[in-house]
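Numbering (this note's numbering), first residue to last: 1437 to 1822.
Put into structure tokens, the structure is as follows:
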């Protein structure tokens, strides 16, 4: 469907949403005759229907009436400044430091239904993080070898660190890397922002880097060729900006990264699935937007059901570094490119100014929005397009 055709559909849905609000419906305000809002995979609400906006009002509200929350979950786990990702267990996950250089990986599993407490499963890994170094903000499940990736980086001004790959609660492999900041993964490939290719300790250009799956599952699993000509060496995909920033992949394998520059701006680039897949060479990607400041929370939704893709990003103020309200930009992927459809527009309004949110996408192409509640605890809302 063309962009203008989808916009006409969207206007009609917004009008329907306004009528629902006027009728003071608190649930089931959607497109279907039975009161639900359609399919569950991001194109519309699932059979639970749209929840009352008050269910997440203590944290945020959705500005765009074409969106609603279909589930709200809470946890008392201490998440802090961790960057939450979607895990292969079917729920959010994050990493936090533990005593003696260990890392604790926490997996949160949603209950049945549209609300309730997330069940937590904790695993302690003897990661060997050196004294004075910092555990990376993410734990990322890779779609190969059953690996989970974490990292650490030395205290500034040193930026040397390691990528650590975990399998079955133990360290399976580790690689030197400089300035490893944030990661995402597509089939057969790890992508990360940092300062060097995997296995290279020297600081180089700031940018987006890739490391491909090599060998086979088991003792031969690795992210470097070791003489295997069928496997590319880790390398830079594209270099831009002066500092590292977040990276996200959508369920179709398109990738977005946002890197700040010393002039106080940041540039988001999109990389189409075929241009960023395992074995692909360097590519500059496509500029999606430029904004002042920096930011660490980023999610990418794939195009589906006639709707465009969406990049959701929470920037921060360039002067105060305070987290600002998240914005979204529609995207389309064709001819090996990811292109923006217009400028970033407000999507979320924060209940409390400066609240840092967790933004990520699940394997059903739904947007998860998480953050700390004023009275304690952490809330996650699952948002979909009506």
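From the three backbone atoms N, C-alpha and C, an ideal C-beta is built for every residue, glycine too. None of the values given here were measured: they were computed from a predicted structure.
Which residues DSSP lists as bridging residue i, in chain order
{"i": "residue 1509", "result": "1552, 1816"}
{"i": "residue 1749", "result": "1734, 1763"}
{"i": "residue 1705", "result": "1693, 1723"}
{"i": "residue 1769", "result": "1774"}
{"i": "residue 1597", "result": "1589, 1613"}
{"i": "residue 1728", "result": "1701"}
{"i": "residue 1740", "result": "1743"}
{"i": "residue 1790", "result": "1759"}
{"i": "residue 1821", "result": "1503"}
{"i": "residue 1606", "result": "1603"}
{"i": "residue 1618", "result": "1629"}
Extent of the continuous beta strand (DSSP E) to which residue i belongs
{"i": "residue 1711", "result": "Careful: residue 1711 lies outside any beta strand (DSSP E), inside the alpha helix (DSSP H) at 1709-1712."}
{"i": "residue 1580", "result": "No beta strand (DSSP E) holds residue 1580; DSSP gives it neither H nor E."}
{"i": "residue 1807", "result": "1803-1808"}
{"i": "residue 1563", "result": "Where residue 1563 is concerned, there is no enclosing beta strand (DSSP E), given that its DSSP letter is neither H nor E."}
{"i": "residue 1540", "result": "1539-1545"}
{"i": "residue 1795", "result": "1794-1797"}
{"i": "residue 1783", "result": "Where residue 1783 is concerned, there is no enclosing beta strand (DSSP E), given that its DSSP letter is neither H nor E."}
Per-residue burial, residue i [other beta carbons within 10 Å of its own, 16 or more giving buried]
{"i": "residue 1666", "result": "exposed"}
{"i": "residue 1723", "result": "exposed"}
{"i": "residue 1816", "result": "buried"}
{"i": "residue 1492", "result": "buried"}
{"i": "residue 1812", "result": "exposed"}
{"i": "residue 1732", "result": "buried"}
{"i": "residue 1469", "result": "At residue 1469 the pLDDT is 33, less than 50, meaning the model places this residue with poor confidence; the figure from the coordinates comes in the next sentence. Classification for residue 1469: exposed."}
{"i": "residue 1629", "result": "buried"}
{"i": "residue 1658", "result": "buried"}
{"i": "residue 1514", "result": "exposed"}
{"i": "residue 1645", "result": "buried"}
{"i": "residue 1485", "result": "buried"}
{"i": "residue 1819", "result": "buried"}
{"i": "residue 1517", "result": "exposed"}
{"i": "residue 1555", "result": "exposed"}
{"i": "residue 1496", "result": "buried"}
{"i": "residue 1648", "result": "buried"}
{"i": "residue 1794", "result": "buried"}
{"i": "residue 1566", "result": "exposed"}
{"i": "residue 1490", "result": "exposed"}
{"i": "residue 1757", "result": "exposed"}
{"i": "residue 1535", "result": "exposed"}
{"i": "residue 1762", "result": "buried"}
{"i": "residue 1810", "result": "exposed"}
{"i": "residue 1707", "result": "buried"}
{"i": "residue 1822", "result": "buried"}
{"i": "residue 1788", "result": "exposed"}
{"i": "residue 1804", "result": "buried"}
{"i": "residue 1481", "result": "Unreliable positioning characterises residue 1481 in this predicted model, as indicated by a pLDDT of 42, which lies under 50. A coordinate reading is not provided."}
{"i": "residue 1549", "result": "exposed"}
{"i": "residue 1782", "result": "exposed"}
{"i": "residue 1592", "result": "exposed"}
{"i": "residue 1769", "result": "buried"}
{"i": "residue 1620", "result": "buried"}
{"i": "residue 1605", "result": "exposed"}
> Using 8 Å as the threshold, is the stretch 1712-1721 in touch with the stretch 1739-1750, meaning 3 or more CB pairs across them?
Replying inline: no
> Where in the stretch 1644-1698 do unbroken runs of the beta strand (DSSP E), each at least 3 residues long, occur, reported from the N-terminal end onward?
Replying inline: 1671-1675, 1683-1685, 1691-1696
>> Runs of 3 residues minimum, wholly inside the stretch 1487-1536: which ones carry the beta strand (DSSP E) assignment?
In response: 1496-1498, 1503-1511, 1521-1523, 1527-1533
>> Under 8 Å: do the stretch 1639-1654 and the stretch 1667-1686 share three or more Cβ pairs, one atom per stretch?
In response: yes
> If you pair each beta-carbon of the stretch 1681-1690 with each one of the stretch 1589-1598, do three or more pairs fall below 8 Å?
Replying inline: no
> Is the stretch 1543-1550 in contact with the stretch 1511-1527, if contact means three or more CB pairs nearer than 8 Å?
Replying inline: yes
> In chain order, which beta strand (DSSP E) runs of at least 3 residues are fully inside the stretch 1620-1646?
Replying inline: 1625-1630
> Touch check for the stretch 1606-1626 and the stretch 1705-1715: three-plus C-beta pairs under 8 Å?
Replying inline: yes
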